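Read in order, the letters of the sequence shown are residues 0 to 596 in numbering that gives the first Met the number 0. For each residue, glycine too, the CB sits at the ideal point set by N, CA and C. On a predicted model such as this, the values are computed, not experimentally measured, just so you know. For reference, the structure is listed below as structure tokens.
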Amino acid sequence: MARLPRGRLRLLVLLTPLIAMIPAALGAADPSYAIPSQVNVFPIPGARVAMPQTQITFRGAPTSRLGTVTVTGSSTGAHAGSLKPDSDGRGGSFIPNSPFAPNETVTVQASGASIVGGSGSTYRFTVANVAGVIPIGHRPPTPRVHGDVQRFRSMPGLIPPAVKQTNHGRPDRGYIFLAPLAGPVQSGPMIIDSRGRLVWFDKLPPGGQATDLRVQSYQGHSVLTWWEGNINKAGIGQGAGVIDDSSYQPVAAVHAANGFNADLHEFQLTPQNTALLIAYRPVFWNATGLKGGTAHTLVMDAVVQEIDIPTGLVLFEWDSLDHIPLTDSYHGVPKSHGHVFDYFHLNSVEPDYDGNLIISSRDTWSGYKVNRQTGQVMWVLGGKRSNFKMGKGAQFAFQHDVRAHDRDKTFTVFDDGGGPPRVHFQSRGLTLHLNFQKKTANAVVQDLHHPPIVSSFEGNDELLPGNHSMVGWGQVPYWTEFNSRGRTVTDGRLVGPNEIYRAYKFPWTGRPSQPPAVAAHGGRKKATVWASWNGSTAIRKWRILGGRNPKRLHSVRVAGVGGFETAIHIHGERYVEAQALDGKGHVLANSSIKRVG
């Protein structure tokens, strides 16, 4: 055996008792010992606009690793509550039993955690001085014009807005997804095909409104999602996100938390099966640095929340007032007392390729990348503090729908260009290329409508798989599909002066749970049968069964589908039934039996 030098041997002898003590010091003899869990928290450390009803979110460790959680308000004192785990087991929220007081400082301690941005296991945030809830503004239906609605004999209770659409080339595959906001008779989400024919319409209760209808993925399945609710007098939505399956049956309704209502501008599902929502709340804020501002100005705080769909708990929260100064806005403080200063107006949010978030602010003319763990702004695109030099034609104004593609190299924007002040003579779909080494942003594509459209608000620009793009013109109820060379392939609009916040195009397979509808009218010699099946994408033909006895019907006519509703002429039948057939002639579903009247 090799021998250690005498000096090293003596040092080892002296250190041996100390080494033996290390496991005990680290708690090896105590199985309950654990290294403090590093967690991110929301509201963030130092937050200044937490809502009185806020929950306290811990992310990065299961609730069993947080230790004892104590919450103390500087005015309201100690708060009892419950600690609820997130569905993924990677965090949870402390739900106080009572709300906090405006302007108070809240101290949070989680004895088993190391809080990112805090002091060990402790951190603090401040509660906002909330100004109350803006009342619902009941928007009247759009003015009536000739031919502005569709009517169907087989479904007389369905009265969707009328559509006009023209194709100038070969459109990309898929259906078009719209959500007319203002009637004129009924409002609701609707799907049309490439020829502008209705596929599905879901009428909402009187006064209800929908936006942002699209196809997304949830738990590995294609689902239909939209926002539904009411719009207040400030143009802010108060509602929830809706998820339906392919049979148009409800899967979930997703609500904002912490005292907020989900806004109309975004309902985005993530690869983690969570939901990103936008919300707003007016607060009193120090705006003395702005013309007309006071130490008690009414300012709209814009909020992003990530919601754990199964539990409804908050996983992430971001407030504009904690990160973006009022001076970045292109809007001024309102001159009228009591009007809210909507300095930011957040209108889109989605995960980037690395899991962080891309958000859009209409009133700072900027897109932002936000760290999903800490809420810190990573970079700014456009506006007064852009981290990128905006090339010729790249600057946008009052934009909506900032989206990242190709690992942050390509971005699409719907550039409203309206205002006031008006920057461009027309709105456009804009594609930008970002160079992160040179810190430049250059315009590579702009899609323009002919004749020009100027939209003061709303709108989107969607890249399609076939290098086409679908532009929804927002305030002006048009949608246009462009090919890769910027030429118009499809141009459509609602007949009346309506709004369609966004327009999308997606593949979709609808399998309605409700049976087909049928109506029939005529006499013994001649009659007409009207058949429809709201939401079906598989139907290719109708087979009409008829007879003088409802219990003994036989096939009398097969006809191709003629749109949402098909009129089929028959002879000498007293009772009829409609069978929906697929492309191979297989029966998909049967209607009820109707007496010919």
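(request) Compute the distance between the beta-carbons of proline 350 and threonine 224, then report whether it is under 9 Å. (result) Taking the sequence shown and counting its residues from 1, the one referred to as residue 350 is at position 351. Taking the sequence shown and counting its residues from 1, the one referred to as residue 224 is at position 225. Cβ distance not < 9 Å, so proline 350 and threonine 224 don't count as in contact.
(message) Cutting at 8 Å between CB atoms, please list the residues of its own chain near threonine 273, excluding the five before and the five after it.
(response) One-based indexing of the sequence shown puts residue 273 at position 274. Answer for threonine 273: Glu305, Ile306, Asp307, Ile308, Leu314, listed in chain order.
(request) Could you check if arginine 403 is buried or exposed, using at least 16 other CB atoms within 10 Å of its CB as the buried criterion? (result) Against the sequence shown, residue 403 aligns to sequence position 404. Going by the sequence as given, residue 403 is alanine instead of arginine. Burial is judged here by how many other beta carbons sit within 10 angstroms of a residue's own beta carbon; alanine 403 has at least 16 and is buried.
(message) Using a 10 Å radius around the Cβ and a threshold of 16 neighbouring Cβ atoms, would you call tyrosine 367 buried or exposed?
(response) For the purposes of this step, residue 367 is taken as residue 368 along the sequence shown, with counting starting at 1. With 16 or more other Cβ atoms within 10 Å, it is buried.
(message) Three Cβ pairs or more, each shorter than 8 Å: is that satisfied between the segment 342-358 and the segment 319-334?
(response) Yes: the two stretches touch, three or more of their Cβ pairs being nearer than 8 Å.
(request) Please look up how many angstroms separate the CB atoms of valine 610 and isoleucine 277, rounded, as I've assumed it's under 8 Å. (result) Outside the modelled stretch of the chain, which goes from 0 to 596, sits residue 610, for which no answer is possible.
(message) Using 8 Å for Cβ pairs, my map puts threonine 121 next to valine 107. What's the rounded Cβ distance?
(response) Counting from one through the sequence shown, the residue named residue 121 turns up at place 122. Counting from one through the sequence shown, the residue named residue 107 turns up at place 108. The pair is a contact, with the Cβ atoms about 7 Å apart (cut-off 8 Å).
(message) Helix, strand or coil, according to DSSP, for arginine 194 in the structure here?
(response) The count along the sequence shown starts at 1 and reaches residue 194 at position 195. Three-state DSSP puts arginine 194 in coil, outside helix and strand.
(request) Take every Cβ of the segment 169-185, pair it with every Cβ of the segment 525-532, and state whether three or more of those distances are shorter than 8 Å. (result) Cβ pair count under 8 Å is below three, so no.
(message) Please tell me whether glutamine 248 and serine 512 are closer than 9 Å, where the distance is taken between their beta carbons.
(response) Residue mapping note: residue 248 aligns to position 249 of the sequence shown, counting from 1. Residue mapping note: residue 512 aligns to position 513 of the sequence shown, counting from 1. Cβ atoms of glutamine 248 and serine 512: closer than 9 Å.
(request) Excluding the 5 residues preceding and the 5 following glutamate 480 in the sequence, name in chain order all residues of the same chain whose CB lies nearer than 6 Å to its CB. (result) If you number the sequence shown from 1, residue 480 lands on position 481. These residues qualify, in order along the chain: Pro170, His467, Met469, Val488, Thr489.
(message) In the DSSP output, which residue or residues are listed as bridge partners for proline 84?
(response) Taking the sequence shown and counting its residues from 1, the one referred to as residue 84 is at position 85. Per DSSP, the beta bridge partners of proline 84 are Gly91.
(request) Starting from the Cα of arginine 542, find the closest Cα among Val369, Lys524, Thr565, Ile158 and give me that residue. (result) Locating residue 542 in the sequence shown gives position 543, where the first residue counts as 1. Ranking Val369, Lys524, Thr565, Ile158 by Cα distance to arginine 542 puts Thr565 first.
(message) Using C-beta distances below 6 Å, list every residue in its chain close to glycine 136, excluding the 5 sequence neighbours before and after it, in chain order.
(response) Walking along the sequence shown from the start, residue 136 turns up at place 137. Here the set comprises Asn231, Lys232.
(request) Could you tell me the boundaries of the beta strand (DSSP E) in which lysine 583 lies? (result) Translated into positions along the sequence shown, residue 583 becomes position 584. Per DSSP, lysine 583 belongs to no beta strand (DSSP E) and is neither H nor E.
(request) Out of Ser193, Phe200, Arg172, point me to the one whose CA is closest to proline 160's CA. (result) Within the sequence shown, numbered from 1, the residue matching residue 160 stands at position 161. When each option's Cα is compared against that of proline 160, the closest is Phe200.
(request) Give the range of the beta strand (DSSP E) segment to which arginine 598 is assigned. (result) One cannot answer for residue 598 here, as it falls past the ends of the chain, which runs 0 to 596.
(message) Quick check: the Cα distance between valine 475 and glutamine 267, rounded to an integer number of angstroms?
(response) What you label residue 475 is simply residue 476 of the sequence shown in a count that begins at 1. What you label residue 267 is simply residue 268 of the sequence shown in a count that begins at 1. Spanning the alpha carbons of valine 475 and glutamine 267 requires a straight line of approximately 23 Å.
(message) Mapping the DSSP letters down to three states, classify leucine 203 as helix, strand or coil.
(response) As a working mapping, residue 203 is identified with position 204 in the sequence shown. Coil at leucine 203, not helix or strand.
(message) Quick check on valine 443: buried or exposed, where buried means 16 or more other Cβ atoms within 10 Å of its Cβ?
(response) Locating residue 443 in the sequence shown gives position 444, where the first residue counts as 1. Counting C-beta atoms within 10 angstroms of its own C-beta, valine 443 has fewer than 16 neighbours from the protein chains shown and is therefore classed as exposed.
(request) Excluding the 5 residues preceding and the 5 following glycine 382 in the sequence, name in chain order all residues of the same chain whose CB lies nearer than 6 Å to its CB. (result) Walking along the sequence shown from the start, residue 382 turns up at place 383. Here the set comprises Thr363, Trp364, Ser365.
(message) At 4 residues or longer, what runs of the alpha helix (DSSP H) sit wholly inside the segment 472-528?
(response) Counting only unbroken stretches of 4 or more residues, no alpha helix (DSSP H) element lies wholly within the segment 472-528.
(message) Could you tell me the alpha carbon to alpha carbon distance between glycine 485 and leucine 447, rounded to whole angstroms?
(response) Position 486 of the sequence shown, counting from 1, holds the residue named residue 485. Position 448 of the sequence shown, counting from 1, holds the residue named residue 447. Rounded to whole angstroms, glycine 485 to leucine 447 spans 8 Å at the Cα level.
(request) Please go through the same chain and pick out, in chain order, the residues whose beta-carbon is closer than 6 Å to the beta-carbon of aspartate 29, but skip the five residues on each side of it. (result) By one-based count along the sequence shown, residue 29 stands at place 30. Because the pLDDT at aspartate 29 is just 41, under 50, the model does not fix this residue reliably, and the value given afterwards should be weighed accordingly. Around aspartate 29: no qualifying Cβ.
(message) Just to confirm, is the Cβ distance from valine 557 to leucine 580 under 9 Å?
(response) Counting from one through the sequence shown, the residue named residue 557 turns up at place 558. Counting from one through the sequence shown, the residue named residue 580 turns up at place 581. Their beta carbons are under 9 Å apart, which means valine 557 touches leucine 580 by this criterion.
(message) Using 9 Å as the threshold, is the C-beta distance between threonine 71 and asparagine 497 below it?
(response) Within the sequence shown, residue 71 is the residue found at index 72, counting from 1. Within the sequence shown, residue 497 is the residue found at index 498, counting from 1. When the beta-carbon positions are compared, threonine 71 and asparagine 497 stay at least 9 Å from each other.
(message) Please classify arginine 371 as buried or exposed, where buried requires at least 16 neighbouring CB atoms within 10 angstroms.
(response) By 1-based counting over the sequence shown, the position of residue 371 is 372. That one is buried.
(request) Assuming histidine 399 contacts serine 359 (C-beta within less than 8 Å), just tell me the rounded distance between them. (result) Taking the sequence shown and counting its residues from 1, the one referred to as residue 399 is at position 400. Taking the sequence shown and counting its residues from 1, the one referred to as residue 359 is at position 360. Sure, about 6 Å apart at Cβ, within 8 Å.
(message) If I follow the unbroken beta strand (DSSP E) through isoleucine 357, where does it start and stop?
(response) Stepping through the sequence shown from its first residue, residue 357 is reached at position 358. Annotation: the continuous beta strand (DSSP E) that includes isoleucine 357 extends over 356-360.
(message) Using only the alpha-carbon positions, how far apart do serine 193 and threonine 326 sit?
(response) Your numbering for residue 193 matches position 194 in the sequence shown. Your numbering for residue 326 matches position 327 in the sequence shown. Taken atom to atom, the span from the alpha-carbon of serine 193 to that of threonine 326 is near 45 Å.
(message) For a minimum of 4 consecutive residues, which ranges assigned as the alpha helix (DSSP H) are wholly contained in the segment 295-380?
(response) Runs of the alpha helix (DSSP H) inside the segment 295-380: none found.
(message) According to DSSP, is valine 64 part of a helix, a strand, or is it coil?
(response) As a working note, residue 64 is residue 65 in the sequence shown. Note on residue identity: the sequence assigns arginine, not valine, to residue 64. For arginine 64, the secondary structure class from DSSP, reduced to helix, strand or coil, is helix.
(request) With distances taken Cα to Cα, identify the nearest neighbour of tyrosine 352 among Asp405, Gln394, Gly428. (result) Translated into the one-based positions of the sequence shown, residue 352 becomes position 353. Among Asp405, Gln394, Gly428, the Cα nearest to that of tyrosine 352 is on Asp405.
(request) Please state if the CB of glycine 491 and the CB of glycine 195 are separated by a distance shorter than 9 Å. (result) To locate residue 195, count along the sequence shown from 1; it is residue 196. To locate residue 491, count along the sequence shown from 1; it is residue 492. With contacts defined as CB atoms closer than 9 Å, glycine 195 and glycine 491 qualify as a contacting pair.
(request) Starting from the Cα of isoleucine 190, find the closest Cα among Ala516, Tyr503, Pro549, Pro515 and give me that residue. (result) Position 191 of the sequence shown, counted from the start, is the residue given in the question as residue 190. Nearest neighbour of isoleucine 190 by Cα position, chosen from Ala516, Tyr503, Pro549, Pro515, turns out to be Tyr503.
(message) Within 10 Å of its beta-carbon, does glutamine 578 have 16 or more other beta-carbons around it, so buried, or fewer, so exposed?
(response) Indexing the sequence shown from 1 puts residue 578 at position 579. So glutamine 578 counts as buried.
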